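Visitor: Numbering that gives the first Met the number 0 numbers the first residue of the sequence shown as 0 and each following residue consecutively.
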Amino acid sequence: MDFQDYLEEFYARYNVELIRAPEGFFYLRPRSTTLISRSVLSELDMMVGKILCYLYLSPERLANEGIFTQQELYDELLTLADESRLLKLVNNRSTGSDLDRQKLQEKMRASLNRLRRLGMVWFMGHDSSKFRITESVFRFGADVRAGDDPREAQRRLIRDGEAMALENHLQLNDENEENQPDSGEEE
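Here is the structure:
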């Protein structure tokens, strides 16, 4: 792309690298001496981002003309992630009550809003319950591509400065699923 060289030169002044992902979107990778502030997404923000990536690739996207509702996102979140683990993200002493589920839905909305500010989704007009997912959501799927070992990909992300290790929060979902008893359902 003819503008990429100019943008790389521009962002180099701020000590960040302009990276073009194989999926076609661009993102900035900060260096240790960056002049641009960084933000760290919460675990729930990351989960919502991965669910958005999944929804973007789903056949329902074509059926709904790319428009999703917050309720659809919430339902997919509960379907694809462990509900008790999600509730623990909201409240460590969660009992699974309706109030806990309501708080989870509010946190999910806040995560969606945060991702909207980052350009991952566009709300439809003044209605924040309906949104379109943009291609930049693939940033959440870029960490582990087909055939990559999840642990090695995680180490690579941390080494490259694209992710950071949090104390006691570095377990992968696959490890948690392996330790849980089989529910007897086959996908």
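Built from N, CA and C at the ideal position, the CB exists for glycine as well.
Only a predicted model underlies this, so the values are computations on that prediction, with no experimental measurement involved.
Check whether the Cβ atoms of L85 and L72 sit closer than 7 angstroms, and answer yes or no.
Guide: No. Outside cutoff.
Visitor: Along the chain, where does the alpha helix (DSSP H) containing F137 start, and where does it finish?
Guide: No alpha helix (DSSP H) contains F137, which DSSP labels as neither H nor E.
Visitor: Should D97 be labelled buried (16 or more other beta-carbon atoms within 10 Å of its own) or exposed?
Guide: Looking at its Cβ environment, which holds fewer than 16 other Cβ atoms inside 10 Å, D97 is exposed.
Visitor: Where L165 and L6 are concerned, what is the direct C-alpha to C-alpha distance, given to the nearest angstrom?
Guide: In this prediction, L165 has a pLDDT of 49, which is less than 50 and means its spatial position is unreliable; nothing more can be read from the coordinates.
Visitor: Residue range of the beta strand (DSSP E) that M45 falls in?
Guide: No beta strand (DSSP E) contains M45, which is instead part of the alpha helix (DSSP H) from E42 to L56.
Visitor: Roughly how many whole angstroms lie between the Cα atoms of F67 and F130?
Guide: Their backbone Cα atoms lie some 5 angstroms apart in a straight line.
Visitor: DSSP puts Y9 in a beta bridge; with which residues?
Guide: It should be pointed out that residue 9 corresponds to Phe in this sequence rather than to Tyr. BP columns for F9 are empty, so no partner.
Visitor: In terms of alpha-carbon separation, which member of M107, Q70 and D74 lies closest to L88?
Guide: Checking every option, the nearest Cα to that of L88 belongs to M107.
Visitor: Could you give the uninterrupted runs of the alpha helix (DSSP H) lying entirely in the stretch 67 to 108, keeping only those of 4 residues or more?
Guide: Segments of the alpha helix (DSSP H) lying fully in the stretch 67 to 108: 69 to 79 and 82 to 89.
Visitor: Tell me which same chain residues have a C-beta within less than 8 angstroms of the C-beta of R202, skipping the five on either side of it?
Guide: Not covered by the structure: residue 202. The range shown for the chain is 0 to 186.
Visitor: Looking at Y10 and I18, is the spacing between their C-beta atoms short of 7 angstroms?
Guide: Not in contact: I18 and Y10 (Cβ atoms no closer than 7 angstroms).
Visitor: Work out the CA separation of Q3 and E42 for me, nearest whole Å.
Guide: About 32 angstroms.
Visitor: Going by DSSP, name the residue or residues bridged to D1.
Guide: According to DSSP, D1 bridges with nothing at all.
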